[in-house]
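These notes are about the structure you will find just below.
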Amino acid sequence: MANIETFSQETRVFPPPAEFSRTAAISGMDAYRALVAEAEQDYEGFWGRLARENLQWHKPFTKVLDESNAPFYKWFDDGKLNVSYNCLDVNLQNGNADKVAIIFETDSGDVSKITYQELHKRVCQFANGLKSRGIKKGDRVVIYMPMSVEGVVAMQACARIGATHSVVFGGFSAKSLQERIIDAGAVAVLTADEQARGGKRLPLKSIVDEALALGGCDSIKDVVVYKRTGGDVNFVAGRDIWLHDLVANQAETCEPEWVDAEHPLFILYTSGSTGTPKGVQHSSGGYLLWAALTMKWVFDIKPDDVYWCTADIGWITGHTYIAYGPTAVGATQVIFEGIPTFPNAGRFWDMIQRHKATIFYTAPTAIRSLIKAADADKNIHPSQYDLSSLRLLGTVGEPINPEAWMWYHKHIGQERCPIVDTFWQTETGGHMISPLPGATPLVPGSCTLPLPGIQAVIVDEAGHELPDGHGGILVVKRPWPSMIRAIWNNPERFKSAYFPPEFDGKLYLAGDGAIRNKDTGYFTITGRIDDVLNVSGHRMGTMEIESALVANPIVAEAAVVGKPDDTTGEAICAFVVLKRSRPTGDEAKQIAKELRDWVAKEIGPIAKPKEIRFGDNLPKTRSGKIMRRLLRVLAKGEEITQDVSTLENPAILEQLKEAQ
Ligand code: WT7
């Protein structure tokens with residue numbers, strides 16, 4: 001992977017193609033600057049105008065931003081609306097009733113299409129079904145479903161009745177699911193019999209059963225099961241119901257529940273620097289505004305586009321840029337159940353060709369692994385496919401190295417399509433720093449400039465703004481409509497994690513480092529500055545993995561660090577001390593495997609350490625503090641050249657060089 005120096009020395013510049021700018025929503029840098037200036041001159045006026053122009057309000061708001069209880073900001077607070085109404089009913093009024101909303105492709109390649117009219121009907125029936133079970137406004141509903149039309153329908157149905165959903169990614173274990181159900185105090189789980197991915201089946205319903213059997217989930221009254229594969233499931237009478245039975249005979253319309261703009265649309269759990277995941281709480285009005293607006297500004301969405309975002313609904317990208325953003329702007333989108341490498345690594349290119357996708361949004365990890373696959377097998381090289389429908393590409397989730405950017409530009413975008421490298425987070429709700437494809441000249445590896453209205457800057461540890469060319473801490477100076485509202489059940493943690501006292505509680509701390517180019521002011525994200533890893537664009541807390549490891553009765557101590565990885569960006573490397581003597585050889589390999597499986601059970605397969613190393617101890621200072629910076633060097637396989645004079649037990653370093 002290229003390092004920071006390579007990024008900041010990047011000199012290639014790709015101005016927007018004239019043809020693209022001609023029809024773009026924001027055309028040329030003057031148009032961008034005009035919006036930035038409008039936001040600077042009258043911040044509330046700017047956001048108020050956009051909220052009136054882009055959403056339909058049941059009751060108009062009279063106040064834009066309430067800062068009286070900062071950092072618990074409120075946007076459009078006395079306005080009322082319904083998110084599902086804005087995503088569905090508005091499309092029926094706008095002449096999109098017969099437009100295809102979703103082109104769904106299953107893992108095995110079956111394709112079905114559903115119009116906005118049909119989507120509206122299914123959401124209403126699902127919503128009525130939920131109401132028939134007594135689920136109502138303010139209740140929390142956990143969704144543990146595969147990528148499917150039903151998954152999106154479930155989210156929209158919750159929004160319709162004012163229930164707050166919390167989607168849990170299918171790759172999380174029963175234990176992770178249980179913890180989220182308990183923290184959210186959910187009343188129902190919406191799931192499926194099984195999830196099909198890459199020709200394999202994952203038994204979602206039985207994982208739900210296992211989670212509920214772990215205890216503490218008494219708040220759960222209903223489990224709704226979508227029959228996806230027809231695989232065997234257990235049913236608990238009175239608690240479990242098939243989705244098709246729930247919606248049978250339900251009315252095809254459902255009066256939306258009008259909620260305050262600040263009503264929590266969803267909670268989404270994400271990793272932080274402590275052991276327990278944070279329930280990031282998002283609003284209805286401000287969130288939807290930014291989801292819709294960034295679809296227009298960053299994806300330049302047009303009526304004829306066929307848009308495809310490859311994320312899963314279990315992550316924020318699948319919320320904002322699948323479930324809500326595309327529907328709020330009446331787009332046609334592709335939703336894919338499977339994985340990029342099944343039946344072969346040409347799947348994405350084949351799907352772009354068959355569905356004539358015009359906008360494609362994916363993660364750098366996927367691009368890097370598909371580059372390798374294309375190099376290895378020319379039959380699945382993108383040159384074998386007709387990708388001429390594409391007009392815009394995007395990336396998200398982690399820094400993209402210039403080499404991967406250039407390949408994406410050349411082989412997928414055919415040097416014709418702008419690439420939007422979108423920097424944002426679960427907490428930001430939508431894009432923060434990103435090129436505008438009809439305006440911003442692109443530089444590979446840079447997410448370029450903050451979007452209009454987003455006051456992102458780089459500061460030092462005292463919160464002072466740094467001049468361009470100096471790396472520092474990325475912060476946002478003013479609240480914005482789609483920002484996190486709270487950590488569910490934990491207002492204090494919200495304040496300390498995002499509005500720390502070091503910055504007078506006034507700056508939003510993203511948790512990333514960044515540097516701005518001296519000449520262009522362009523941002524390059526240099527990576528997390530906290531104990532959060534980014535593995536294949538999935539966010540993992542090192543403490544979370546450490547807690548999982550030490551929960552195993554044979555483990556005495558564990559320290560987890562990230563290690564650069566060509567494909568996944570970062571890989572998880574765990575240093576482990578057992579309660580018994582340090583294992584070696586085959587025994588060490590066997591125990592490493594057991595510990596990996598243990599972590600998969602505790603958190604989920606996505607958190608499995610790639611490497612495990614055993615020591616009699618960990619490198620510690622005399623006061624007993626684990627020296628993680630040394631572990632990072634060891635994980636990279638490099639020699640330690642730093643000062644180790646504060647290290648109490650230098651001999652340990654030799655032992656920890658060997659990976660299992
Ligand atoms: C973290 C947020 C944003 C949705 C998916 C991930 C990293 C995200 C970029 C980018 C460099 C990026 C940051 C951020 N990140 N996008 N374009 N360039 N880094 O959401 O799980 O909340 O993770 O992902 O480190 O803080 P998330």
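Just so you know, full-length UniProt numbering puts 542 at position 542 of the sequence shown, and the rest follows in order with no gaps.
Ideal placement from N, C-alpha and C gives every residue a C-beta, glycine not left out.
Assigned exposure category for residue i - 16 Cβ within 10 Å defines buried
i	result
residue 33	exposed
residue 213	exposed
residue 579	exposed
residue 62	exposed
residue 53	exposed
residue 592	buried
residue 651	exposed
residue 91	buried
residue 657	exposed
residue 69	exposed
residue 3	Its pLDDT being 48, under 50, residue 3 is placed unreliably by the model, and the measurement read from it follows with that caveat. The residue is exposed, with fewer than 16 neighbouring Cβ atoms inside 10 Å.
residue 437	buried
residue 199	exposed
residue 301	buried
residue 654	exposed
residue 303	exposed
residue 343	exposed
residue 56	exposed
residue 111	exposed
residue 164	buried
residue 553	exposed
residue 140	buried
Residue i: first and last residue of the uninterrupted alpha helix (DSSP H) it sits in
i	result
residue 632	628-636
residue 297	285-297
residue 589	585-602
residue 708	Outside the displayed span of the chain (1 to 660) sits residue 708, for which this structure offers no information.
residue 245	243-247
residue 181	174-184
residue 265	It is not in any alpha helix (DSSP H) - residue 265 carries neither H nor E in the DSSP assignment.
residue 496	491-498
residue 19	18-23
residue 167	Per DSSP, residue 167 belongs to no alpha helix (DSSP H); it is in the beta strand (DSSP E), 164-167.
residue 200	From DSSP, residue 200 is part of no alpha helix (DSSP H) but of the beta strand (DSSP E) over 200-202.
Cβ distance (whole Å) where residue i is taken to contact residue j below 8 Å
i	j	result
residue 234	residue 209	6 Å
residue 463	residue 507	6 Å
residue 305	residue 345	Not quite, the Cβ-Cβ distance comes to about 25 Å (not below 8 Å), so this is no contact.
residue 190	residue 224	5 Å
residue 142	residue 196	Not quite, the Cβ-Cβ distance comes to about 21 Å (not below 8 Å), so this is no contact.
residue 188	residue 220	7 Å
residue 284	residue 268	Not a contact, Cβ separation roughly 14 Å.
residue 631	residue 558	Their Cβ separation, rounded to whole angstroms, is 11 Å, which puts residue 631 and residue 558 out of contact at 8 Å.
Any non-hydrogen atom of the ligand WT7 closer than 6 Å to residue i Cβ
i	result
residue 500	no
residue 426	yes
residue 274	no
residue 681	Outside the shown range of the chain, which is 1 to 660, sits residue 681, and nothing can be said about it.
residue 197	no
residue 423	yes
residue 626	no
residue 87	no
residue 316	yes
residue 397	yes
residue 539	yes
residue 525	yes
residue 217	no
residue 528	yes
residue 512	yes
residue 447	yes
DSSP bridge partner residues for residue i (one or two, in chain order)
i	result
residue 450	433
residue 564	570
residue 307	333, 359
residue 43	Per DSSP, none; premise fails for residue 43.
residue 540	533
residue 424	Residue 424 is not bridged to any residue.
residue 559	575
Residue range of the beta strand (DSSP E) that includes residue i
i	result
residue 158	Note, residue 158: premise wrong, no beta strand (DSSP E); alpha helix (DSSP H) at 149-161.
residue 188	188-192
residue 341	Element bounds for residue 341: n/a, residue is neither H nor E.
residue 711	This structure cannot settle anything about residue 711, because the visible part of the chain is limited to 1 through 660.
residue 511	508-516
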